[in-house]
Every structure is written in structure tokens, then in C-alpha cells.
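Accompanying notes for the structure given below.
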Amino acid sequence: LVVVAVMVGRATAAGCNGHSTPGARNTNPIDTAPPRFVREIKNGKLYTIGQGDDTKDLIHVWGTPYENGLAMGELLGPKLPTFMNQVYNYIEGQIVANLANATWCAEHKETCTGLREVMRMTLEVALDLSYERTAPYIKPYVMEEIKGLADATDGALSPRDIRDVMWLGEITRGSCSMFGAKDSATASTNGSLLQLRALDWDTDGPFKNFATVVVYHPNAGEGNAWANVGFAGWTASITGFSEQQIGLSEIGVSYPDKSFGPETYLAKGYPFGYIIRDVLQFDSTLEEATKRITTATRTCDLILGVGDGKSNDFSGFQYSPHVANVIKPENLLPANDTWHPKIKDVVYWGMDWICPNDNSMLAHQINAFHGKITPEITISDIVSYVGTGDLHIAIYDNAKLQMYISTARPDGGAGPLEAYQRQFTRLDMAAIFAEKSPQL
Numbered sequence: 017l018v019v020v021a022v023m024v025g026r027a028t029a030a031g032c033n034g035h036s037t038p039g040a041r042n043t044n045p046i047d048t049a050p051p052r053f054v055r056e057i058k059n060g061k062l063y064t065i066g067q068g069d070d071t072k073d074l075i076h077v078w079g080t081p082y083e084n085g086l087a088m089g090e091l092l093g094p095k096l097p098t099f100m101n102q103v104y105n106y107i108e109g110q111i112v113a114n115l116a117n118a119t120w121c122a123e124h125k126e127t128c129t130g131l132r133e134v135m136r137m138t139l140e141v142a143l144d145l146s147y148e149r150t151a152p153y154i155k156p157y158v159m160e161e162i163k164g165l166a167d168a169t170d171g172a173l174s175p176r177d178i179r180d181v182m183w184l185g186e187i188t189r190g191s192c193s194m195f196g197a198k199d200s201a202t203a204s205t206n207g208s209l210l211q212l213r214a215l216d217w218d219t220d221g222p223f224k225n226f227a228t229v230v231v232y233h234p235n236a237g238e239g240n241a242w243a244n245v246g247f248a249g250w251t252a253s254i255t256g257f258s259e260q261q262i263g264l265s266e267i268g269v270s271y272p273d274k275s276f277g278p279e280t281y282l283a284k285g286y287p288f289g290y291i292i293r294d295v296l297q298f299d300s301t302l303e304e305a306t307k308r309i310t311t312a313t314r315t316c317d318l319i320l321g322v323g324d325g326k327s328n329d330f331s332g333f334q335y336s337p338h339v340a341n342v343i344k345p346e347n348l349l350p351a352n353d354t355w356h357p358k359i360k361d362v363v364y365w366g367m368d369w370i371c372p373n374d375n376s377m378l379a380h381q382i383n384a385f386h387g388k389i390t391p392e393i394t395i396s397d398i399v400s401y402v403g404t405g406d407l408h409i410a411i412y413d414n415a416k417l418q419m420y421i422s423t424a425r426p427d428g429g430a431g432p433l434e435a436y437q438r439q440f441t442r443l444d445m446a447a448i449f450a451e452k453s454p455q456l
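Start counting the sequence shown at 17; every next residue gets the next number (this note's numbering).
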């Protein structure tokens, strides 16, 4: 099972490439058009955002967790089972590809078919085990919402089918980038916090074809309104922003050092995608988020970043089953003056923990624009230069309640593949969080 977990990670992680060269500037105009209404149902509304091949779904949901899932599933329609099935088949195929190449499979079709079936069963067992080890830690809303999603498919998907895809995050690693820049580093008059979350995960599989933003409007007393930037039916969170001006960034660590402690696969604890979600939905301050992260039973090696526009502050977290170190500009880790130098009022990582080239490139651009950093500069001269954020990017202008997003080119689309070279859409999150529920 550990072998399967490692292979899934290798199949989906972009990795610390170590050979990046500066990319071209992204000069696409930023799309500022408001969301376009499509339809509404009980407890849900569907809009679209973005232009042309960069169009994606924006879904609002209200009610209980089950009602959230049911409304989301009904609005997604056939996209939901299509995406879930394609993800599972793709991951299974990637595992087989790591064991036997296409030429060998073509010459040994029956054996390769058998190998695929064995890998499917082994993957199912690994995901079941991961769920069993983490289930005691999750909140009831997790499976309630998943059940709503499954019920919306009229039998096309079971709760287990959806749960398995959500739990893939526990056995994969995506190499990503982030920064939190404030005070002297940014161009705003008061040095307002600006936060980057660049997801480098997988642009070969189905993820790029199902980019979706879901905005949750919980019932009174059940948390914050918040936005989940992900994929069709994705209930865990890897990227998101809340009405509390809190933004989340995340990096899967494939290249740790000894300070993380021994790597653990299929560990007991709280799945990280739902820790991220809980921060967004239930926490109001950076202090509350810090307590949640540092006291959780953690399952894997990550770097997390939490920004709070109200306090104009950002913390990075070295995150593993063994440590939860809070990182600020003055104690930036890993400590390396050559490829990960301290930068005043900035916390940052490029692609991984030990990743000299990408960290150097990100540091170069942050220093080059220090004091002038804006969302526009981040788009035109930072992520595009480093070449980070191939699957999706979110830039949070926390205090202004604005979010800029870009997603990879879907199959059949035109232009560059990578999100960092595509058009960004600016979202007025204050208006989006204020959306009224359907009156049906």
C-alpha cells in the first residue's frame, strides 16, 4: 500500500524541477466582468466567470451540508460523475504507467489489463485504509455533503466513489508556490497584505477541464461565507478565501529536510484538505487558524500559508505529523542566504521546501518589485517569470476582498496551457459573499 501511495504521488506531483528558466511576461488584460447568471434551484445558483476558453463555473450553495452537496450536484449535472470517474481512471492509469510503459502494454494486453485491475483494487484498499485512519477526526459535515452530492447523481456515483476522490489528496503531492507580502513589500498606501497561491499539480489529467469555484453560505451560527477554488464536486479545499479576509495557500512537500521528521503514508489524523476548509469556514482570525493548525493531528508533509487582511498579517507553517512551526519573515525557513534569502515583510516558497532554483527565481522577482508588488505585477512579472501555477492560481488582495484567479487551458482550448500564462479574472468577493439565496 505504501508503494501505491508513493506511485500516486509521483504520478500527480509536478516536483522540484531544478532547471527553470525565466518565462515570458503575462500581458493578458485582466477580466473584470461580473459573474453571469445561468440558473437557480432550491439552495443553489449557477453563474459563469471568465471569458472564452477561460470560462468556468461559479456555484453558490446555501443550507445544511447535505443541502449544499445536493444543490451543487444538481447544478453540476453530468459534469460531476464525468469528472469523478475520469479522475479515478486517470490516477489508476498513471500507476500502471509507472509499472509498465505503453509499448509493453500494447504487446501484453491481457497482462496489462490484469495489472490495471490489480492496481484498481489496491488503490481502493489504500483509499479505504486512509479514510478509516482519518474518519475519527473529521467533522460530520464532510460525509453529509458527500452524501448530498451522490444523491444528486441518481445512482451514478456512490458516497464512497466521491469520498475516494476527495481522499486522493492524502496520498498525492503537488509542488506549488506561495507568498505573503505586506507593509514595505506592497504598493498599496498602507502596505496591505497581498497573498499568492499557485497550484502546480497535474495538467495532463481531467482537472483542467472541470475548474469550479463554489461559494458556501452556511446557515446562521455555522461559520463564515467562503469560496472554494477547485474542481467539480471538490469538497475538500486546497485553495480558498473567506469573508473574514482570510486566504489559504498550500504546498505539498516532496523534498523535505530532517526537520519534518520521518515521512508517513496513510497516517492517522485530520485530512489536510478539511483542515484548510475548517480554517476558511470556522476561523475569524489568524490566531484562530494558527491554533487549529498547530493543535491538529496532522497526516502529511506540507507548507501552509494563512493571510488575514484584518490584522494585515501572514504566517507560513512548516506542517508534518511531527512539527507545526510558525514562520514569519524574520525566521524564514529553510534558512539559506543563497537560494532562500530573507526578504523584508515577505514569507515565500517556490515549488517546495528544498528547491533552490525555484526559490531563487521567486526571491529574485520579489526583490525586483519589492515595494511595488500588486496583483497586476504578480500576474505579469512574478508567476509568469518563475513558471509556477500551471493548474490554477489565486491571488488574494485580502483587505479589499478581491480574488484574482486563473486556470489551465481546457482540452480543445486555444493559447498557452499553463494558468500562469492565461487570462486572470478579478472577483469582487464582497459582492459574491453578499449574494442572496434563491427565493423558490
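C-beta atoms are modelled at their ideal positions from N, C-alpha and C, and glycine is treated no differently. These numbers were taken from a predicted model, which means no experiment stands behind them.
Evaluate LYS307 with the Cβ neighbour count: other Cβ atoms within 10 Å of its Cβ, from every protein chain shown; 16 or more gives buried, anything less gives exposed.
Taking all protein chains shown into account, LYS307 has fewer than 16 neighbouring C-beta atoms within 10 Å of its C-beta and is therefore exposed.
Collapsed DSSP secondary structure at HIS386 in the structure displayed
coil
List the DSSP bridge partners of LEU215.
When DSSP reads this structure, LEU215 sits in a beta bridge with HIS408.
Helix, strand or coil, according to DSSP, for MET457 in the structure here?
A query on residue 457 cannot be resolved here, the shown segment of the chain reaching from 17 to 456 and no further.
Drop a sphere of 10 angstroms on the beta-carbon of GLU161, count the other beta-carbons inside from all chains shown, and report buried for 16 or more, exposed for fewer.
buried
Could you check what DSSP says for SER174 in three-state terms: helix, strand or coil?
In the displayed model, SER174 falls within coil according to three-state DSSP, outside both helix and strand.
For the alpha helix (DSSP H) containing ARG293, list its first residue and its last residue.
288–298
Tell me the residue span of the beta strand (DSSP E) that contains TYR153.
Where TYR153 is concerned, there is no enclosing beta strand (DSSP E), given that its DSSP letter is neither H nor E.
Using 8 Å as the threshold, is the segment 292–305 in touch with the segment 161–181, meaning 3 or more CB pairs across them?
Under the three-pair Cβ rule at 8 Å, the segment 292–305 does not count as touching the segment 161–181.
Leaving out the 5 sequence neighbours to the left and right, which residues in its chain are closer than 8 Å to PRO454 when beta-carbon positions are compared?
GLU56, ILE57, LYS58, ASN59, GLY60, LYS61 and TRP78
Return the chain-ordered ranges of every beta strand (DSSP E) run that is complete within the segment 29–84 and spans a minimum of 3 residues.
52–57, 60–65 and 72–79
Starting from the C-beta of GLY403, find all residues in its chain whose C-beta is less than 6 Å away, skip the five residues before and the five after it, and write them out in chain order.
SER36 and GLY39
Could you have a look at ASN352 and say whether DSSP puts it in helix, strand or coil?
Here ASN352 sits in strand by DSSP.
Closest by CA to ASP329, which one among ALA312, ASP361 and HIS356?
ASP361
Mapping the DSSP letters down to three states, classify TRP365 as helix, strand or coil.
strand
If I follow the unbroken alpha helix (DSSP H) through PHE449, where does it start and stop?
445–449
Can you name, in chain order, every residue of its own chain whose Cβ lies under 6 Å from the Cβ of ILE395, other than the five neighbours on each side?
Result list for ILE395: ASN42 and PHE440, in chain order.
Identify the continuous beta strand (DSSP E) that holds THR423 and give its terminal residues.
418–423
For ALA168 and GLU392, what's the separation of their Cα atoms in angstroms?
The alpha-carbon atoms of ALA168 and GLU392 are separated by roughly 40 Å.
Any idea if PRO272 is buried or exposed, counting beta-carbon neighbours within 10 angstroms, 16 or more meaning buried?
buried
Could you tell me the alpha carbon to alpha carbon distance between HIS338 and LEU264, rounded to whole angstroms?
21 Å
Buried or exposed (CB count within 10 angstroms, at least 16 for buried), ASP324
It counts as buried.
Given a cut-off of 8 Å on the beta-carbon distance, is the pair SER331 and VAL342 in contact?
yes
Measure the C-alpha to C-alpha separation of ASN318 and THR280 and round it to an integer number of angstroms.
Here residue 318 is Leu; the residue named in the question, Asn, does not match the sequence. Whole-angstrom Cα-Cα distance: 12 Å.
Any contact between the segment 420–433 and the segment 213–224? By contact I mean 3 or more CB pairs, one from each, below 8 Å.
Contact holds: three or more Cβ-Cβ distances are below 8 Å.
Do the segment 208–216 and the segment 399–417 touch if we need at least three Cβ pairs shorter than 8 Å?
yes
Is it true that the segment 433–451 meets the segment 226–245, where meeting means three or more beta-carbon pairs spaced less than 8 Å apart?
yes
Count the other C-beta atoms from every protein chain shown that fall within 10 angstroms of the C-beta of ARG438, then say buried if there are 16 or more, exposed otherwise.
buried
Consult DSSP for ILE107 and reduce its assignment to one of helix, strand or coil.
helix
Residues in the same chain with beta-carbon distance under 6 Å from LYS284, minus the five sequence neighbours each way, listed in chain order, please.
So the qualifying residues of the chain are ARG149.
What residues in its chain sit with their C-beta under 7 Å from that of GLY171, if we drop five residues either side in the sequence?
none
Is the segment 366–376 touching the segment 177–197 in the sense that three or more CB pairs, one from each, lie closer than 8 Å?
Contact between the segment 177–197 and the segment 366–376 is present, because at least three Cβ pairs lie under 8 Å.
Grab me the residues of GLN67's own chain with a C-beta within less than 6 Å of its C-beta, minus the 5 sequence neighbours each way, in chain order.
ASP47
Tell me which residue opens and which closes the beta strand (DSSP E) that ALA305 is part of.
Looking at the DSSP string, ALA305 is not in any beta strand (DSSP E); the run it does join, the alpha helix (DSSP H), is 302–311.
Can you pull the DSSP bridge partners for GLY321?
SER265 and GLY332
For THR64, collect the residues of the same chain with a Cβ closer than 8 Å to its Cβ; drop the 5 residues on either side in sequence, then sort them by chain order.
Here the set comprises PRO51, ARG52, VAL54, THR71, LYS72, ASP73 and LEU74.
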